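See structure below.
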Amino acid sequence: MLTIKNIYVITPRNLSGLFLLLLLPVFIACSQNQPVEQVRIARVETMPAFPQPYKMLDWKEMAKNFDNYVFDHNASNEYLPFIWLDNSQRNFPQQTFGLYTAIGDVRQGPEAHGGEFHEAINSLGAIMSAGLVGIDKTSQDGYNYVKMIQNYFNIENGWNIFMNNTSQRVGLLGGGYGRDWWYDVFPNLLFYAVADLFPMVERTDSLMFLVAEQFYRADSVLNGDYHYSFFDYSAMEGQRSHIPYQEDAAAGHAWLLLAAHQKFGDARFLQGAKSATEALLSQEESRFYEVLMPFGAYTAARLNAVHGSDYDFHPVLDWTFEGTHARDGRYGWGIINERWGDFDVHGLQGSWAHDGGYAFLMNTFDMAWPLVPMVRYAPEYAETIGKWMLNAANAARLFYPNEIPDGNQTLPGKKYLTRNVIAYEGLKKTDLFGIPSLKDVSPVALGDGPLWVDGNPDVSQFGIYGSSHAGIFGAIIQKTSVEGILRLDCLATDFFRDDAYPTYLLYNPFDQPRDIEYFYDGDPVYLYDIINQEVVAESITNTITITIQALNARLIVEIPQENDLVKRDGNILAGDIVVAYRQY
């Protein structure tokens, strides 16, 4: 049995009017530690432990190759290049760029709408994705793309937030899709992520602060009532329309305001994060609309761990996975837990009701952004999130034309256009277009806007828009020496956080213990398992073997060998850095 690192309990003591710290060494044997009791998400329990057929892509390579292909201004062939320069100087006197939403999208390009119609969720997503896998987008081929995306900050309409378009004058719905709330909230989360990845860009901090001010004001006006289709950030008024009400916008407000508090230290933003979280938790049923709901679970978990809150956020996870059952909401929007034809598609995000089931790639990528780092703050969810991620990442490959049989996709003859880094936007249980070759085929990879190309509606089924977020998986997912056991980086998308040691989630989907090679190369560290509250190995400088029990998870923290574990106010620290929160 390994020797456990000393754990010191620190308590305040008053002596002669002075507060001193009394160090009480406590030596804890492995057998005395009580593992963190795991909490299950019901819908994940219905998913297979090991999905079939299994294949895990190299998602980091996928994201890098996507960036190389899509940001090539000199590419020449049909429908290329996928990028163009926008010289309209909307909102700021600088050049920006656009990316096609889908290959051959006739609504877009340098000639359409003066080159101004391009989407922030695509462009900012691509910049975030690249940054997550180590590509410097502040200096690439002579362009500072991070500064260029500031043009999505809508000044002219008085909203003073990032919107999905640069102007009210372009876009199918106008005003950056201003009548659909998630389109107005999510670009701001993307901008904050980009700002964390590339922090030293001119004007970034001031725009972040302005966005936080607007979100704080909006939450104050809403005062717990998010029962609206969208919010007018200029007039500061909630608006209702034919679009379902999007109460999970509260999750987006909460996540951003907590990040803003971390960045600026403004107590108002922390209060706003709590207020928006409480508005989300006050709902009686799921109002999951597109991507924002799981950000509420992450925010509540972090508020509990770091700021001493006591939110029961499990309903938010159930609302996310079970989806929306309200008939006046976006009925069926949640997580799919089925096998379609010969493929497990468990874990994909989309609608389990629309046309029998309709999953989307971008939404699946975006789910991992908040839920994987959430386990740092709520390790009781490590096993269920590990199991979900294995299913979701395995099934996500089916959107890519080289990863699904030709007979299960609408356009196999054109897949060369994608270089297998641009995927179909959607995956349906069955095809309803009436294509004879796809009759009785399941699943079917296809697009969501098949009429966006003049004379040839097919190629627009390849969605640059969703594929641009692949870096989320690329930064989080690492393979191990055992096929089916992933190493998930819990810090990769934990934006605007306190300092932390490298932290990885490892889940064993097999019904027998498995030994894996734990890859490490550097100065001596010891490995601490948050879930089992034990030191797994000491003084390691290179790869070692560790065991993961059947259907169990480990949450491993790499700690410099010279730093002892200290227990203070319920947290376990090493040096001045928290290793595990609220370990009472």
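Position in the sequence shown (from 1) plus 3 gives the number in this note's numbering.
Note that beta-carbon positions come from the ideal geometry of N, C-alpha and C, so glycine has one too.
Here the structure is a predicted model, which means the values were calculated and not measured.
*Compare the Cα-Cα distances from Arg379 to each of Leu414, Leu491 and Asp443 and report the closest residue.*
When each option's Cα is compared against that of Arg379, the closest is Leu491.
*Thinking just about the alpha-carbon of each residue, which of Gln564, Ile580, Glu561 and Pro563 is nearest to the one in Lys570?*
For Lys570, the closest alpha carbon among the candidates Gln564, Ile580, Glu561 and Pro563 is that of Ile580.
*Identify which residue in Ala556, Asp235, Leu568 and Gln249 has its Cα closest to the Cα of Gly578.*
Closest in C-alpha terms to Gly578, from the list Ala556, Asp235, Leu568 and Gln249, comes Leu568.
*Comparing alpha-carbon positions, which option in Gly107, Val204 and Ile106 lies nearest Gln153?*
For Gln153, the closest alpha carbon among the candidates Gly107, Val204 and Ile106 is that of Val204.
_Just to confirm my understanding: we take Trp372, look at its own chain, exclude 5 residues before and 5 after, and list those with CB closer than 7 Å. What are they?_
By the criterion of a C-beta distance shorter than 7 Å, Trp372 is surrounded in its chain by Ile475 and Thr496, once the five residues flanking it on both sides are discounted.
*Report the residue ranges of all beta strand (DSSP E) runs contained in full by the region 236-276; include only those spanning at least 3 residues, in chain order.*
Taking only runs of at least 3 residues, the beta strand (DSSP E) segments lying wholly in the region 236-276 are 240-242.
*Quick one: what's Ala540 bridged to in DSSP?*
Leu530.
*Is DSSP giving Val582 helix, strand or coil here?*
For Val582, the three-state secondary structure derived from DSSP is strand.
*The beta strand (DSSP E) spanning Ile338 covers which residue range?*
Element bounds for Ile338: Trp336 to Ile338.
*Under the rule that 16 or more other beta-carbon atoms within 10 Å means buried, what is Ser132, buried or exposed?*
Counting of Cβ neighbours within 10 angstroms places Ser132 among the buried residues, the total reaching 16 or more.
*Whose C-beta lies closer than 6 Å to the C-beta of Trp336 among residues of the same chain, with five residues either side of it excluded?*
The residues are Phe291, Gly326, Thr327 and Ser354.
_Using a Cβ-Cβ cutoff of less than 6 Å, which residues in the same chain neighbour Ala196 once the five nearest sequence positions on both sides are dropped?_
These residues qualify, in order along the chain: Met131 and Phe498.
*asked:* For the beta strand (DSSP E) containing Asp518, name the first residue and the last one.
replied: It spans Arg517 to Tyr521 - the beta strand (DSSP E) in which Asp518 sits, taken as one unbroken run.
*Is it the case that the CB of Ile130 approaches a heavy atom of the ligand MG more closely than 7 Å?*
Inclusion of the ligand MG in the displayed structure is not the case, the ligand content being empty and no account of it being possible.
*CB-CB under 8 Å to Asp313, same chain, minus the five flanking residues each way: which ones, in chain order?*
Within the same chain, Asp313 has close Cβ partners Asn307.
_Within a Cβ cutoff of 6 Å, which residues of the same chain sit near Ala426, ignoring the five residues on either side of it in sequence?_
For Ala426, where only same-chain residues beyond five positions count, the Cβ hits under 6 Å are Leu364, Phe402, Tyr403 and Ser470.
*Give a yes or no on contact between the region 506-515 and the region 548-567, applying the rule of three or more CB pairs nearer than 8 Å.*
Touching, yes.
*Mind pulling the beta strand (DSSP E) runs of 3 or more residues that sit fully within the region 67-133?*
For the region 67-133, whole beta strand (DSSP E) runs of length 3 or above, ordered along the chain, are 86-89 and 99-102.
*Label Phe522 either buried or exposed according to how many other C-beta atoms from any shown protein chain fall within 10 Å of its C-beta, with 16 as the threshold for buried.*
Sixteen is the threshold: since fewer than 16 other Cβ atoms of the shown chains lie within 10 Å of the Cβ of Phe522, the residue is exposed.
*Which of helix, strand or coil DSSP assigns to Leu576*: Under the three-state reduction of DSSP output, Leu576 falls in the strand class.
*Is Ser354 helix, strand or coil by DSSP?*
Three-state result, Ser354: strand.
*If you count every other CB in all the chains shown that lies within 10 Å of the CB of Pro527, and 16 or more means buried, which is it?*
Exposed, because fewer than 16 other Cβ atoms sit within 10 Å of the Cβ of Pro527.
*Short check: CB of Ala362 to CB of Leu374, under 8 Å?*
In this structure, Leu374 does not lie closer than 8 Å to Ala362 by Cβ.
*Nearest to Thr49 (by Cα), restricted to the options Gln481, Val539, Ala478 and Thr387*: Closest by alpha carbon: Thr387.
*Identify whether Pro563 lies in helix, strand or coil by the three-state DSSP scheme.*
Correct three-state label for Pro563: strand.
_Using DSSP's beta-bridge definition, name the partner residues of Asp434._
Its beta-bridge partners do not exist; DSSP assigns none.
*For Arg46, I'd like the list of residues in its chain whose CB is within less than 7 Å of its CB, leaving aside the five on either flank, ordered along the chain.*
Excluding sequence neighbours, Arg46 sits near Phe324, Glu325, Ile338 and Asn340.
*Does DSSP put Trp343 in a helix, a strand or coil?*
Trp343 falls in the strand class under three-state DSSP.
*Contact check, Thr413 vs Gln464 under 8 Å by CB: the rounded distance?*
Their Cβ separation, rounded to whole angstroms, is 6 Å, which keeps Thr413 and Gln464 in contact under 8 Å.
_Give me the residue from Tyr229, Leu295 and Glu428 with the minimum Cα distance to Val319._
Of the candidates Tyr229, Leu295 and Glu428, the residue whose Cα lies closest to the Cα of Val319 is Leu295.
*Residues that DSSP places opposite Gln481 in a beta bridge*: For Gln481, which the question treats as bridged, DSSP gives the partners Arg490.
*asked:* Here's a check: name, in chain order, each residue in its chain whose Cβ is nearer than 6 Å to the Cβ of Asn397, leaving out the five neighbours to either side.
replied: Only Pro54 and Tyr57 meet the Cβ criterion.
*By the 10 Å Cβ neighbour count, where 16 or more other Cβ atoms means buried, how is Ile124 classified, buried or exposed?*
Buried, by the Cβ-count rule.
_So, does the region 474-488 touch the region 107-120, judging by three or more C-beta pairs under 8 Å?_
Contact annotation: the region 474-488 does not touch the region 107-120, with fewer than three C-beta pairs closer than 8 Å.
*Which first and last residues belong to the beta strand (DSSP E) in which Ala381 is found?*
DSSP places Ala381 outside any beta strand (DSSP E), giving it a letter other than H or E.
*Please report the Cβ distance between Phe272 and Tyr219, rounded to the nearest whole angstrom; I am assuming they are in contact, meaning their Cβ atoms lie under 8 Å.*
Between Phe272 and Tyr219, the beta carbon gap of about 6 Å places them in contact (Cβ cut-off 8 Å).
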